[in-house]
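Shown next, in structure tokens, is the structure this report addresses.
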Ligand code: IPM
Ligand code: MG
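In the working numbering, the protein residues as written are 3 to 357.
Following this line, the structure appears as structure tokens:
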């Protein structure tokens, strides 16, 4: 099979981690006899420096031409003072929106080897913690009308959702729950927000097509508390854009480190964009310190969701598991008695374990 990937390293540690993820992907293609065709393009601060804008048309075109996009991270203090319409984050939001990637999957899985990196008590962690956050990605307050008054004394961001937008993401969540443990927790703020009341009613209506799946609702404040009180009550968490952003960072910490969490941003066809959920960590950029595992696991998601290559995806996940089992750690998940590796060494160790 031919795998055509647009590679968008971005800023900060983006290039460091993406380099390792691409080398793992190369190894997968070697072992399983696939052809890898990559096109590397700029977005975020790197594109601002080169072209003066965060998301050049040529970058978007390259992504549209590809089967899938592999993205590192964007942003950094260097571009914090550029005007808001040109911030590096605009590249990420622009890609999600222009490519129609409304469904963001963020699996939070605690590897048994990393229990000591999880800040929760052992009796709360228990065994086999595995949560899938399904985040709506192209609507809500991120993409509503926004503005500020001329005197800079007031500002607003509008949060809006339409029924079809909620329906399609709710369907995805129910479909995914069916293949997992059959439970969806929909998170909203229906005691306050009109959009949340629409969200809840629409989710209930879609649920009628999925009665084999259990559905419950939590307010977002309660959900964030429940995540650390009893994370095992969750299977699939379905939520809107901003709540999903916040809750997925919280869920990631339960898994030991935000450096472990991959993501897939999907639409109805097989196209997808794959990226770690963490940011560009400019303070450690280029220092061979970043953990490449979230990006490498994003490659596994790409193999599974875009290319339908489940054996290949499993081989990547198994290689990560084996590296952890062999005591290999990056700084964010390091504990005494394990072996501390830099970004490149971790990438090679995982690539060497692909078979
Ligand atoms: C994420 C990030 C982005 C978001 C930022 C960088 C725009 O935090 O992917 O979670 O808020 O969606
Ligand atoms: Mg985030």
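From the three backbone atoms N, C-alpha and C, an ideal C-beta is built for every residue, glycine too.
- Option in 44, 133 and 251 with minimal Cα separation from residue 235: Shortest Cα-Cα distance from residue 235 to any of 44, 133 and 251 involves 133.
- Pick from 61, 3 and 5: whose alpha carbon is nearest that of residue 12? When only C-alpha atoms are compared, the closest one is 61.
- Query: Can you pull the DSSP bridge partners for residue 267?
  - Reply: When DSSP reads this structure, residue 267 sits in a beta bridge with 106 and 275.
- Query: From 326, 104, 198 and 109, pick the residue whose C-alpha is nearest to that of residue 237; which is it?
  - Reply: Measuring from the Cα of residue 237, the nearest candidate turns out to be 109.
- Could you please give me the residues that DSSP links to residue 149 through a beta bridge? Paired residue(s): 158.
- Message: Please state whether the Cβ-Cβ distance between residue 257 and residue 112 is less than 8 Å.
- Response: In this structure, residue 112 lies closer than 8 Å to residue 257 by Cβ.
- Task: Could you pull the start and end residues of the beta strand (DSSP E) that residue 221 belongs to?
- Result: Where residue 221 is concerned, the enclosing beta strand (DSSP E) stretches over 216-221.
- Query: Around the C-beta of residue 37, are 16 or more other C-beta atoms found within 10 angstroms, so that it is buried, or is it exposed?
  - Reply: Looking at its Cβ environment, which holds fewer than 16 other Cβ atoms inside 10 Å, residue 37 is exposed.
- Message: DSSP three-state label for residue 11, please.
- Response: In the structure shown, residue 11 sits in a strand (DSSP, three-state: E or B).
- Smallest Cα separation from residue 88: which of 118, 53 and 328? Out of 118, 53 and 328, 53 has the C-alpha closest to the C-alpha of residue 88.
- Report the option in 74, 325, 262 and 290 whose CA atom is closest to the CA atom of residue 352. The candidate whose alpha carbon is nearest that of residue 352 is 325.
- Item | Terminal residues of the alpha helix (DSSP H) in which residue 134 lies | First-last for residue 134: 132-138, but that is the beta strand (DSSP E), not the alpha helix (DSSP H).
- So does residue 239 have its beta carbon nearer than 7 Å to some heavy atom of the ligand MG? Flag unset: Cβ of residue 239 not near the ligand MG.
- Task: Please report the residue range of the beta strand (DSSP E) in which residue 239 lies.
- Result: Per DSSP, residue 239 belongs to the beta strand (DSSP E) from 238-241.
- Own chain partners of residue 170 with C-beta closer than 7 Å, once the 5 adjacent residues on each side are dropped: Residues of the same chain with a CB within less than 7 Å of the CB of residue 170, apart from the 5 flanking positions on each side, are 104 in chain order.
- Task: Below 7 Å CB to CB, which residues in the same chain sit around residue 250 once its five sequence neighbours on both sides are set aside?
- Result: The answer, listed in chain order, is 108, 135, 137 and 279.
- CB of residue 279 to nearest heavy atom of the ligand IPM: below 7 Å? Taking 7 Å as the cut-off, one finds at least one heavy atom of the ligand IPM near enough to the beta carbon of residue 279.
- Message: Within 8 Å, do at least three Cβ pairs link the region 144-153 to the region 252-268?
- Response: Contact between the region 252-268 and the region 144-153 is absent, because fewer than three Cβ pairs lie under 8 Å.
- Message: Nearest by alpha-carbon distance to residue 197: which of 165, 153, 128 and 211 is it?
- Response: By alpha-carbon distance to residue 197, the top candidate from 165, 153, 128 and 211 is 165.
- Query: Roughly how many angstroms separate the alpha carbons of residue 247 and residue 339, rounded to a whole number?
  - Reply: Cα to Cα, the separation comes out at about 34 Å.
- Item | For residue 190, the residue or residues it bridges with in DSSP | According to DSSP, residue 190 bridges with 221.
- Message: Determine whether the beta carbon atoms of residue 142 and residue 163 lie at a separation below 8 Å.
- Response: Taking 8 Å as the Cβ cut-off, residue 142 and residue 163 qualify as a contacting pair.
- Does the beta-carbon of residue 306 have 16 or more other beta-carbons within 10 angstroms, so that it is buried, or is it exposed? Classification for residue 306: buried.
- Distance, Cα to Cα, residue 194 vs residue 337? When rounded, the distance between both Cα atoms is 43 Å.
- Task: For residue 102, I'd like the list of residues in its chain whose CB is within less than 6 Å of its CB, leaving aside the five on either flank, ordered along the chain.
- Result: Exclusion of the five residues before and after residue 102 leaves 269 as the residues of its chain whose Cβ lies within less than 6 Å of its Cβ.
- Message: Quick check on DSSP: helix, strand or coil for residue 2?
- Response: Given a span of 3 to 357 for the chain in the structure shown, any question on residue 2 remains unanswerable.
- Query: Could you check where the beta strand (DSSP E) with residue 40 kicks off and where it finishes?
  - Reply: Counting along the chain, the beta strand (DSSP E) containing residue 40 begins and ends at 37-42.
- Mind checking residue 285: buried by the 16 CB within 10 Å criterion, or exposed? Looking at its Cβ environment, which holds fewer than 16 other Cβ atoms inside 10 Å, residue 285 is exposed.
- Euclidean distance between Cα positions of residue 30 and residue 315: Cα-Cα distance, rounded: 9 Å.
- Message: In the DSSP output, which residue or residues are listed as bridge partners for residue 75?
- Response: Bridge partners of residue 75: 12.
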